[in-house]
Amino acid sequence: MCICEEVRCGVPPARSGTSGAGVVALYTQAPMPQTLAAPAHSELIIKKSRFIGCVQPMPDRASAQAVVDALWKQHPGAAHVCWALLAGGQSAAVDDGEPSGTAGRPMLDVMRHQDLEGVLATVVRYFGGVKLGAGGLVRAYTDCVAQALLTAPKVVLQAMATLECSVPYSLEGLLRREIDAVGAELLRVDHGSLVTLQWRLPKSQAAACQQRINDSGQGRVGWIEAREM
Numbered sequence: 005m006c007i008c009e010e011v012r013c014g015v016p017p018a019r020s021g022t023s024g025a026g027v028v029a030l031y032t033q034a035p036m037p038q039t040l041a042a043p044a045h046s047e048l049i050i051k052k053s054r055f056i057g058c059v060q061p062m063p064d065r066a067s068a069q070a071v072v073d074a075l076w077k078q079h080p081g082a083a084h085v086c087w088a089l090l091a092g093g094q095s096a097a098v099d100d101g102e103p104s105g106t107a108g109r110p111m112l113d114v115m116r117h118q119d120l121e122g123v124l125a126t127v128v129r130y131f132g133g134v135k136l137g138a139g140g141l142v143r144a145y146t147d148c149v150a151q152a153l154l155t156a157p158k159v160v161l162q163a164m165a166t167l168e169c170s171v172p173y174s175l176e177g178l179l180r181r182e183i184d185a186v187g188a189e190l191l192r193v194d195h196g197s198l199v200t201l202q203w204r205l206p207k208s209q210a211a212a213c214q215q216r217i218n219d220s221g222q223g224r225v226g227w228i229e230a231r232e233m
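Going by my numbering, 202 is the number at position 198 of the sequence shown; the sequence numbering is gapless.
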């Protein structure tokens, strides 16, 4: 999904004793972080070395390490499996035996420049017998990840909220209709003395959704603490 940068111009109020003419402030909207909807792959041959790249959505470092371990089993003859992870506080850049700073860090920088989050990049290298030098390695690993990202489907990350409330059975239908109307994901329904429903929706819609349900419920809605994701 393409995210366009919005540029707005405005003239701030003039200070006392000045006209303010020609004073223009520029405001740029920060790009929204994105993740990948599915894996994408690339392959380069550079001076007989083969570079096999993959970018894919990844939630955390433990999951990333499992993917890297699996790649070693798939490519036992490879010289290196270098990787980079952008996942909040669990980010990583691993050169795996290549000269320091020539593989993992350049791969990580490519993803950062595209405002990605929750993404793992891996590059398997089969050595072709010709050394590429530090600059050549940086270009090879950078290009391998960049080419994979060219075809990777991207989605904008949204802050999500989980809402949960209990209502009398007579309000269950109304609550379900409201959940459907906002396109929320219904997570759980419990039937006891009351009906308890839990659903997830974009954080930006949560307050309005709660207000509509409160208005319709007329004091008969019991909310359980909302959680953000």
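Note that beta-carbon positions come from the ideal geometry of N, C-alpha and C, so glycine has one too.
Member of the options whose CA lies at the smallest distance from the CA of residue i
i	options	result
Pro157	Ala211, Ala41 and Val123	Ala41
Pro134	Lys52, Asn218 and Arg65	The sequence given here has Val at residue 134, not Pro. Selected option, being the one with the closest Cα: Lys52.
Glu121	Leu90, Ser95 and Ala96	Leu90
Asp194	Gly132, Ser170, Gly93 and Ala97	Ser170
Gly221	Asp184, Ile228, Glu176 and Gln94	Glu176
Pro172	Gln94, Thr200 and Gln60	Thr200
Ser197	Ala188, Glu189, Ser174 and Gln209	Ser174
His117	Arg192, Lys77 and Thr39	Thr39
Ala96	Asp73, Gln69 and Pro103	Gln69
Val123	Ala211, Ala44 and Lys207	Ala44
Lys244	Arg192, Ala163 and Asp184	As shown, the chain starts at 5 and ends at 233. That puts residue 244 outside it, with no answer to give.
Gly92	Asp184, Arg192, Val98 and Met62	Met62
Val114	Leu191, Val59 and Ser104	Val59
Test item: CB-CB of residue i and residue j under 8 angstroms
i	j	result
His84	Asp100	yes
Ile50	Leu153	no
Val149	Ala165	no
Glu182	Arg224	no
Leu205	Pro37	no
Asp64	Gln94	yes
Ser46	Gln209	no
Buried or exposed (CB count within 10 angstroms, at least 16 for buried), residue i
i	result
Gly226	exposed
Pro110	buried
Trp203	buried
Tyr145	buried
Ala88	buried
Glu10	Low local confidence applies: a pLDDT of 28 at Glu10 is under 50, so the model's placement there is unreliable, with the coordinate-based value given in what follows. Result: exposed.
Gly108	buried
Leu167	buried
Leu179	buried
Val159	exposed
Glu102	buried
Leu112	buried
Residues of its chain near residue i, where Cβ-Cβ distance is below 6 angstroms and the 5 sequence neighbours each way are ignored
i	result
Asp106	In the sequence as presented, Asp is not what sits at residue 106; that position holds Thr. For Thr106, where only same-chain residues beyond five positions count, the Cβ hits under 6 angstroms are Ala138, Leu141 and Val142.
Cys213	Val186
Ile228	Glu168
Arg192	Gln202
Neighbourhood of residue i by C-beta, 7 angstroms cutoff - its chain only, sequence neighbours within 5 removed
i	result
Val128	Ile56, Leu75, His79, Ala82 and Val85
Phe131	Ser53 and Ala83
Val72	Val85, Trp87 and Thr126
Ser104	none
Thr155	Ala44
Same chain, Cβ closer than 8 angstroms to residue i, five either side skipped, listed in chain order
i	result
Glu189	Trp203, Arg204 and Leu205
Asp219	none
Leu48	Arg54, Phe55, Gly57, Ala144, Asp147, Cys148 and Gln151
Gly26	Any reading at Gly26 needs caution, since the residue's pLDDT is 39, under 50, leaving its predicted position unreliable; the model's value is listed next. Result list for Gly26: empty, nothing under 8 angstroms.
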